[in-house]
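Under the working numbering, read the sequence shown as residues 3 to 181, first letter to last. Only one structure is covered here, and it is reproduced in the block below.
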Amino acid sequence: QIGPNTSNPLYGIYAETCNSGQENDHNSIIGCNIFDYFIANQTPAGIYIKNYNTDYTIQGNSVYQTSSRTMSATNAVYGIYIESVNGNNFTIEDNYIGGSATECSGTAWTQTGSIGHKFAGIRITCEITTPSNIHGNIIRNIDLTSTSYGATGQPLAAGIIVLKGSVNIGTDAGNTIGD
Numbered sequence: 003q004i005g006p007n008t009s010n011p012l013y014g015i016y017a018e019t020c021n022s023g024q025e026n027d028h029n030s031i032i033g034c035n036i037f038d039y040f041i042a043n044q045t046p047a048g049i050y051i052k053n054y055n056t057d058y059t060i061q062g063n064s065v066y067q068t069s070s071r072t073m074s075a076t077n078a079v080y081g082i083y084i085e086s087v088n089g090n091n092f093t094i095e096d097n098y099i100g101g102s103a104t105e106c107s108g109t110a111w112t113q114t115g116s117i118g119h120k121f122a123g124i125r126i127t128c129e130i131t132t133p134s135n136i137h138g139n140i141i142r143n144i145d146l147t148s149t150s151y152g153a154t155g156q157p158l159a160a161g162i163i164v165l166k167g168s169v170n171i172g173t174d175a176g177n178t179i180g181d
């Protein structure tokens, strides 16, 4: 159970290494319930893996919000956010993102605000040496109310975003996005 103590954290799980040659690698995040991470004027993420992390397994987790969230800045909220310089071979499989309880159940993950903001279930930026894999994930039970966000053409909501890298999506098992 990874959630708030006295107040909501910005991230449920956060990993970053500062230097090439000192990579944090071969870690697993398996079977966790990650919930109620949120700061209204920041960019929260249930799992945030940043620079110089590589070869992770992120499997069988539930990422959710137990109450409605109101954004107060033009930011995004992510379920799983990988932004890793030199990172390769991420396996993101069989996770649930959405809802107010485990496995995308309960009421909808509700995100509102009078300022433009967005939601993405999984966002990844990685390298091309060894492909990463995203399959078997379920992203659903989301209720997003937002105005336009940033540059024209940017989505307000996305199931999976790949900004850079070699990533196989749904090759072993399809991902379900929406109901």
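The beta-carbon is built from N, C-alpha and C at its ideal position, and this holds for glycine as well.
- From this set, ASN21, HIS28, PHE40, which residue's C-alpha is nearest THR8's C-alpha? Here the closest residue by C-alpha is PHE40.
- Query: For ASP38, which residues does DSSP report across the bridge?
  - Reply: Under DSSP, ASP38 forms no beta bridge with any residue.
- Message: Assuming LEU146 is part of the beta strand (DSSP E), what are its boundary residues?
- Response: Segment 144-146, the beta strand (DSSP E) holding LEU146.
- Query: Helix or strand or just coil, what does DSSP make of THR104?
  - Reply: Correct three-state label for THR104: helix.
- Message: I need the boundaries of the beta strand (DSSP E) containing SER70, first residue and last residue.
- Response: Annotation: SER70 is outside any beta strand (DSSP E) and is labelled neither H nor E by DSSP.
- Considering only residues of the same chain and omitting the five flanking positions on each side of GLY161, which have a CB-CB separation below 6 Å? Taking C-beta separations shorter than 6 Å and ignoring five residues to either side along the sequence, the partners of GLY161 in its chain run GLY123, ILE141, ILE179, following chain order.
- Message: Considering just the uninterrupted stretch of the beta strand (DSSP E) at ASN170, what are its terminal residues?
- Response: Where ASN170 is concerned, the enclosing beta strand (DSSP E) starts and stops at 169-171.
- Chain-order list of residues whose beta-carbon lies under 6 Å from that of ASN43 (same chain, five-residue window excluded): Cβ within range, chain order: SER74, ALA75.
- Which same chain residues, not among the five before or five after LEU165, have their C-beta less than 6 Å away from its C-beta? For LEU165, where only same-chain residues beyond five positions count, the Cβ hits under 6 Å are THR127.
- What are the residues that DSSP puts in a beta bridge with HIS137? According to DSSP, which records beta bridges pairwise, HIS137 is partnered with GLU95.
- Item | Distance between SER116 and ASN97 (C-alpha atoms, nearest Å) | Rounded to whole angstroms, the separation of the alpha carbons of SER116 and ASN97 is 30 Å.
- Task: Please list, in chain order, all residues of the same chain as SER64 whose beta carbon is under 6 Å from its beta carbon, the five residues on each side excluded.
- Result: Counting only Cβ-Cβ distances below 6 Å, and skipping sequence neighbours, we find ASN35, TYR98, THR104, GLU105.
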